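Okay, so here's the structure we're looking at.
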Amino acid sequence: MTKKVRKAVFPVGGLGTRFLPATKAMPKEMLPVVDKPLIQYAVEEARAAGIEQFIFVTGRGKGALEDHFDHSYELEDTLRAKNKAEFLDGIHSWLPTMGEVVYTRQMQPNGLGHAVQCARHIVGDEPFAVLLADDLILSKTAVLKQMVDAHAEVGGNVIAVMEVPHEHTKRYGVLTPGKQSGKTIEVKGLVEKPDPSVAPSNYAVIGRYILDASVFAELDHVGKGAGGEIQLTDGLARMIGKVPFHGFSFEGTRFDCGDKIGFLHANMAFALDRADIRKEFADVLRQVAGTL
Ligand code: UTP
Numbered sequence: 602m603t604k605k606v607r608k609a610v611f612p613v614g615g616l617g618t619r620f621l622p623a624t625k626a627m628p629k630e631m632l633p634v635v636d637k638p639l640i641q642y643a644v645e646e647a648r649a650a651g652i653e654q655f656i657f658v659t660g661r662g663k664g665a666l667e668d669h670f671d672h673s674y675e676l677e678d679t680l681r682a683k684n685k686a687e688f689l690d691g692i693h694s695w696l697p698t699m700g701e702v703v704y705t706r707q708m709q710p711n712g713l714g715h716a717v718q719c720a721r722h723i724v725g726d727e728p729f730a731v732l733l734a735d736d737l738i739l740s741k742t743a744v745l746k747q748m749v750d751a752h753a754e755v756g757g758n759v760i761a762v763m764e765v766p767h768e769h770t771k772r773y774g775v776l777t778p779g780k781q782s783g784k785t786i787e788v789k790g791l792v793e794k795p796d797p798s799v800a801p802s803n804y805a806v807i808g809r810y811i812l813d814a815s816v817f818a819e820l821d822h823v824g825k826g827a828g829g830e831i832q833l834t835d836g837l838a839r840m841i842g843k844v845p846f847h848g849f850s851f852e853g854t855r856f857d858c859g860d861k862i863g864f865l866h867a868n869m870a871f872a873l874d875r876a877d878i879r880k881e882f883a884d885v886l887r888q889v890a891g892t893l
């Protein structure tokens, strides 16, 4: 029987250069889509998947993240005093409870593989999830929940994949697919950011992973890869043939919120998905479209 996935790692130590100057003093994971920071969507997704411990690997701007996931007594008192109690639920109903959140620091932004490695001693020897909050996914069932269910069947590594236009393969980790069964695809090979001329398929890895703890030992042997960074993909590639390894073709629409266009698209899609603002916002979009 596979062990339950209880812990999730949120690497939030990237530089976010594509979003400067917004990310000068805060991590890009604090950027809001409609009215909620990206990181809160990711934490809520993890909670919906049954995750019990939330491990943040932070870098700069740690203060804003820690404050977001803590009580804000002054704000709460002020809202009460001003009879704005309806907003209180919106700021603390989703707060983690005592001991659920752990922070550690990635002291150098040496890449995603390095960020995951920083959580090694907090995760220990059990399967765990990794969520990249800048990959935001609109779906009926939380994507990590879909993956946890698949993991209970197949064990090992389960990584989210989606088909992308062939010319975009150089933006992603790309897999060599093996046997496909329903939504799971056997992983026969993995390569980070391949040029379209050599990409083994159009299956791109998206920022949701369930990983076997042996990834930590593999990452010990990984040197600098694409972009001069320690790449998680290179650690994962070393696990092929050693643990069951599957891509998971999730249900949902993914937005790359680390990129300006993807972020703007996400804001539109999530606003149109919200019953409270959908109609008014659709009118605005029609007006704007009329001016194009
Ligand atoms: P990106 O490749 O988007 O890099 O990281 P970035 O630095 O955040 O952004 P740009 O490219 O400079 O605009 C993918 C994910 O990995 C995390 C990021 O926070 C993001 O969630 N990451 C990346 C780290 O935690 N540490 C790193 O050293 C690099």
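Each residue of the sequence shown is one higher than the one before, counting from 602 in my numbering. Note that CB positions come from ideal geometry on N, CA and C, so glycine has one too. Values in this document were obtained by computation on a predicted structure and should not be read as measured data.
Backbone CA spacing between residue i and residue j [nearest angstrom]
i             : j             : result
histidine 653 : valine 744    : The amino acid occupying residue 653 in the given sequence is glutamate; histidine does not appear at that position. Taking the straight line joining both Cα atoms gives about 17 Å.
lysine 629    : glycine 790   : 31 Å
alanine 838   : glutamine 832 : 10 Å
alanine 800   : valine 749    : 28 Å
alanine 686   : histidine 669 : 19 Å
leucine 812   : glycine 842   : 14 Å
valine 775    : proline 797   : 10 Å
threonine 698 : arginine 887  : 43 Å
arginine 879  : lysine 604    : 41 Å
Environment of residue i [buried if 16+ CB atoms lie within 10 Å]
i              : result
histidine 767  : exposed
lysine 608     : buried
glycine 891    : exposed
glycine 700    : exposed
tyrosine 674   : exposed
isoleucine 597 : Nothing in the structure corresponds to residue 597, since the chain is present only between 602 and 893.
Of the residues the options, the one placed nearest residue i, counting alpha carbons only
i                 : options                           : result
phenylalanine 856 : Gly808, Thr659 and Leu621         : Gly808
leucine 646       : Ala883, Tyr810, Arg661 and Thr679 : In the sequence as presented, leucine is not what sits at residue 646; that position holds glutamate. Nearest C-alpha to glutamate 646: Tyr810.
valine 762        : His847, Leu820 and His722         : His847
valine 806        : Lys683, Lys685 and Leu733         : Leu733
glycine 828       : Leu632, Ala867 and Gly712         : Gly712
leucine 616       : Val658, Pro633 and Val635         : Val658
leucine 739       : Tyr642, Pro845, Lys604 and Val885 : Tyr642
leucine 639       : Lys605, Val765, Gln709 and Asn868 : Asn868
glycine 859       : Thr618, Val606, Gly826 and Thr603 : Thr618
glutamate 677     : Ser694, Lys663, Gly664 and Leu666 : Ser694
Residue i in three-state terms, based on DSSP
i                 : result
tyrosine 773      : coil
isoleucine 692    : helix
phenylalanine 882 : helix
valine 816        : helix
leucine 632       : coil
glycine 848       : strand
Residue-chain proximity (residue i, chain D), Cβ-Cβ < 8 Å
i           : result
glycine 617 : In summary, chain D is missing from the structure at hand, where a single protein chain is found.
* To do: Please list the segments of the beta strand (DSSP E) lying wholly inside the segment 850-878, counting only runs of 3 or more residues, in order along the chain.
  => The segment 850-878 contains these whole beta strand (DSSP E) runs: 854-857.
* Those runs of the alpha helix (DSSP H) which lie wholly inside the segment 637-680 and span at least 4 residues -> Within the segment 637-680, complete alpha helix (DSSP H) segments of at least 4 residues are found at 639-649 and 663-669, given in chain order.
* **Uninterrupted alpha helix (DSSP H) stretches inside the segment 695-749 (no shorter than 4 residues)** => Complete alpha helix (DSSP H) runs here, min 4: 713-718 and 721-724.
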